[in-house]
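Participant: At position 18 of the sequence shown the residue is numbered 704 (this note's numbering), and the sequence of numbers has no breaks.
Below are the structure tokens for one structure; questions will follow.
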Amino acid sequence: MSGVNQSQAGGQGSKPGDFEAVRKSVIDLLKQPDYDDGSAGPVLVRLAWHSAGTYDVETDTGGSNGAGMRYEAEGGDPANAGLQNARLFLEPVKRQHPWITYSDLWTLAGVTAIRAMGGPEVSWRPGRTDYVDDSKLPPRGRLPDAAQGAAHIRAVFYRMGFGDREIVALSGAHNLGRCHAGNSGFEGKWVNNPTRFSNQYFRLLLSEEWTEKTVPESGALQFASVDPVTEEELMMLPTDIALTTDPEFAKYVRMYAEDKALFFEDFSRAFAKLMELGIRRDAEGRVTNTDNEKGGYRS
Ligand code: HIF
Numbered sequence: 687m688s689g690v691n692q693s694q695a696g697g698q699g700s701k702p703g704d705f706e707a708v709r710k711s712v713i714d715l716l717k718q719p720d721y722d723d724g725s726a727g728p729v730l731v732r733l734a735w736h737s738a739g740t741y742d743v744e745t746d747t748g749g750s751n752g753a754g755m756r757y758e759a760e761g762g763d764p765a766n767a768g769l770q771n772a773r774l775f776l777e778p779v780k781r782q783h784p785w786i787t788y789s790d791l792w793t794l795a796g797v798t799a800i801r802a803m804g805g806p807e808v809s810w811r812p813g814r815t816d817y818v819d820d821s822k823l824p825p826r827g828r829l830p831d832a833a834q835g836a837a838h839i840r841a842v843f844y845r846m847g848f849g850d851r852e853i854v855a856l857s858g859a860h861n862l863g864r865c866h867a868g869n870s871g872f873e874g875k876w877v878n879n880p881t882r883f884s885n886q887y888f889r890l891l892l893s894e895e896w897t898e899k900t901v902p903e904s905g906a907l908q909f910a911s912v913d914p915v916t917e918e919e920l921m922m923l924p925t926d927i928a929l930t931t932d933p934e935f936a937k938y939v940r941m942y943a944e945d946k947a948l949f950f951e952d953f954s955r956a957f958a959k960l961m962e963l964g965i966r967r968d969a970e971g972r973v974t975n976t977d978n979e980k981g982g983y984r985s
């Protein structure tokens, strides 16, 4: 049809580099009445984290650069089951702002969703590219296995360059969203209001009595408790419970359960660090990874 331009057609085209416009488009899509708890927010946070959480300090491989989850090698990793929903939610945003790279879009959507759900502002910088270097593809198995304990959590997050306090701070993101037996074998939500960011996850870890439970659909072993107020069943993964049984982790769980502001501060810093894993920048903040020369948006 002649005379219909992008913006009139609902495209709301933006100028390259207008990340505020992208944030607005992400906020506009968060409300999804027919999806999970009515919000795309939690699964967008998980997409951002899984895109970055493959990083290995030693070999400098993995990380959000490259948006490798678009391809089967990484996207088809069973650890990433369910994240196709997050990528589909973001397709209209990519169409509205075609200049943004997927790797910037996924990470920006995650931090935007955290803030929109009542969490802290997480500082975020652009410049990631969508160039995938096949020789640097992260092998499967780098993302954590929820059936394991403290030693495994440390192995995975130390590999990314995090310490114990940062690990516990990050873990507060399980205040958001839920498990789906069809994705991971685990089932249920951690807190009552899973689309509102808070330190409730830490408070529940300490206040409730968590008893082992087998998920009927999958046979997976998780922990359950009935919320005293709503009488709804809530859940914890074995890795969540490990934060209370390991004395060093437990110290920080108590700290964050008591001090929401401190949790927000530490979480914000740790999540920003997660989003930057494997990204190298010059003094002006421009990404200098050599892969960058091969494609993607440059400011
Ligand atoms: Fe999760 N996580 N995560 N996670 N996660 C799930 C869901 C979410 C682990 C396992 C799982 C982090 C760490 C770990 C979110 C955010 C973060 C699910 C359920 C599993 C099994 C997936 C499904 O069934 O759909 C393990 C073992 C982790 C290391 C300890 C991070 C800190 C907490 C890094 C993090 O930010 C979010 C958000 C969800 C909810 C997704 C949804 O679709 O609602």
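We put the CB at the ideal spot given by N, CA and C, even for glycine.
Go to T684, then tell me how far its beta strand (DSSP E) extends in each direction, as first and last residue.
Facilitator: In this structure the chain extends from 687 to 985, so residue 684 is not present and cannot be described.
Participant: Let me know the secondary structure DSSP gives L907 once reduced to three states.
Facilitator: strand
Participant: Given this structure, state the Cα-to-Cα distance separating D952 from G849, to the nearest angstrom.
Facilitator: 12 Å
Participant: How far does the beta strand (DSSP E) with M921 in it extend, from its first residue to its last?
Facilitator: E919 to M922
Participant: Smallest Cα separation from T916: which of I786, N879, A772 and D932?
Facilitator: N879
Participant: Given a threshold of 16 other Cβ atoms within 10 Å of its Cβ, counted over all protein chains shown, does G868 qualify as buried or as exposed?
Facilitator: exposed
Participant: May I have the straight-line CA-CA distance separating T974 from R851, to the nearest angstrom?
Facilitator: 29 Å
Participant: Examine the ligand HIF and report whether any of its heavy atoms sits within less than 7 Å of the Cβ of N766.
Facilitator: No, Cβ of N766 sits at least 7 Å from all heavy atoms of the ligand HIF.
Participant: Is E895 closer than 8 Å to S870 when the C-beta atoms are compared?
Facilitator: If you check the CB distance, S870 and E895 do not come in under 8 Å.
Participant: Let me know the secondary structure DSSP gives G754 once reduced to three states.
Facilitator: helix
Participant: Are there 16 or more other CB atoms within 10 angstroms of the CB of E918, so buried, or fewer, so exposed?
Facilitator: exposed
Participant: Assuming E951 is part of the alpha helix (DSSP H), what are its boundary residues?
Facilitator: K946 to E962
Participant: Where in the region 739–785 do unbroken runs of the alpha helix (DSSP H), each at least 4 residues long, occur, reported from the N-terminal end onward?
Facilitator: 758–761 and 769–782
Participant: Please list the segments of the alpha helix (DSSP H) lying wholly inside the region 692–735, counting only runs of 4 or more residues, in order along the chain.
Facilitator: 705–716
Participant: Kindly indicate which residue of G768, W876, V854 and E903 has the alpha-carbon position closest to the one of R955.
Facilitator: V854
Participant: Identify, in the order they occur along the chain, each residue of the same chain with its Cβ nearer than 7 Å to the Cβ of I705, setting aside the five sequence neighbours on each side.
Facilitator: Per the sequence shown, the amino acid found at residue 705 is Phe instead of Ile. L794 and P812, listed in sequence order.
Participant: Where does V854 fall in DSSP's three states?
Facilitator: In the displayed model, V854 falls within a helix according to three-state DSSP.
Participant: Express the C-alpha separation of P728 and S884 in angstroms, rounding to a whole number.
Facilitator: 13 Å
Participant: When you compare only the Cα positions, how much space is there between G835 and T925?
Facilitator: 5 Å
Participant: By a C-beta neighbour count over all protein chains shown, 10 Å radius and 16 as the cutoff for buried, is K875 buried or exposed?
Facilitator: buried
Participant: Just reading off the beta strand (DSSP E) that E898 is part of, what are its end residues?
Facilitator: T897 to T900
Participant: Consult DSSP for G874 and reduce its assignment to one of helix, strand or coil.
Facilitator: DSSP places G874 in strand when its eight states are reduced to three.
Participant: For S737, verify whether its CB is less than 7 Å away from any heavy atom of the ligand FMN.
Facilitator: In terms of ligand content, the structure shown lacks the ligand FMN and carries the ligand HIF instead.
Participant: Within 10 angstroms of its Cβ, does G696 collect 16 or more other Cβ (buried), or is it exposed?
Facilitator: Bear in mind that the predicted position of G696 carries a pLDDT of just 42, short of 50, making it unreliable; the figure below should be weighed with that in mind. Exposed, because fewer than 16 other Cβ atoms sit within 10 Å of the Cβ of G696.
Participant: What three-state label does DSSP hand R814 in the structure shown?
Facilitator: coil
Participant: I'd like the list of long-range same chain contacts for E873, defined as Cβ closer than 6 Å, with 5 residues on each side in sequence excluded.
Facilitator: C865, A867 and V901
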